[in-house]
Amino acid sequence: MDAAGDIWHIYWTKATGWESRNLTADGSLTFSPGSLTSFSNLQAITRFAGLTTDGDVVLFQFPGSGTATMTNLTDTIVGAPALTGSLVFAPTRVSKGMAIIGVAAGGKVIRYSVEPGSPWGVVDVTSAVV
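Right, here's the structure in full:
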């Protein structure tokens with residue numbers, strides 16, 4: 001992520017060497033500096049997640065081959081709260097699922113998570129523990 005909040009994907013291929021792509025070039029999303037996290041799994045899928053300036057969690061996914069996708073998880077998951085600060089990616093169930101963890105208003109720890117074959121969900125971890 002650069003100082004303007006644009007997210008860049010920099011990668012290497014045998015055919016062309018080093019390449020870069022501004023994932024936010026269309027200007028439709030502005031990201032909070034310092035909010036970016038990333039995760040790669042055994043299936044060779046690279047993921048980046050960041051917080052927009054509105055606190056939405058946005059996920060970019062890059063399969064080993066094919067087209068990259070972008071999903072606004074906060075808009076997709078019913079009841080998902082806006083977050084602040086930075087995010088952390090964590091694998092679940094031996095890297096077959098994943099979780100994105102952050103903090104919502106009032107300091108509540110929130111976990112966005114997904115497992116293969118299931119939709120994304122959200123849990124207020126603070127309330128679940130207390």
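For the record, in the sequence shown the residue sitting at position 19 is 19 according to my numbering, with numbers rising by one throughout. A virtual CB, placed ideally from N, CA and C, is assigned to each residue, including glycine.
Could you please give me the residues that DSSP links to residue i through a beta bridge?
i    : result
P91  : M98
D124 : I110
I10  : S20
S118 : Partner(s): none; S118 has no beta bridge.
Roughly how many angstroms separate the alpha carbons of residue i and residue j, rounded to a whole number?
i    : j   : result
K108 : A82 : 11 Å
Y112 : L59 : 11 Å
R21  : F62 : 12 Å
T37  : K14 : 26 Å
F48  : F89 : 9 Å
I10  : A44 : 16 Å
For residue i, count neighbouring C-beta atoms within 10 Å of its own C-beta (all shown protein chains included) and say buried if the count is 16 or more, exposed if not.
i    : result
T16  : exposed
G5   : buried
G117 : exposed
V57  : buried
G102 : buried
Thinking just about the alpha-carbon of each residue, which of the options is nearest to the one in residue i?
i    : options                  : result
T202 : E19, A104 and M1         : The question about residue 202 has no answer, for the chain in this structure spans 1 to 130.
L87  : T67, H9 and G50          : G50
N72  : F89, T52 and P63         : T52
S40  : I100, G117 and D124      : I100
P119 : A128, I110, G97 and G102 : G97
T67  : I77, K14 and T46         : T46
A3   : T84, S35, T69 and V122   : S35
E115 : A128, P91 and D124       : P91
S28  : E19, F48, I7 and Y11     : I7
T24  : D54, G106 and M70        : M70
With DSSP run on the structure shown, which of helix, strand or coil describes residue i?
i   : result
L59 : strand
A4  : coil
A44 : coil
G17 : strand
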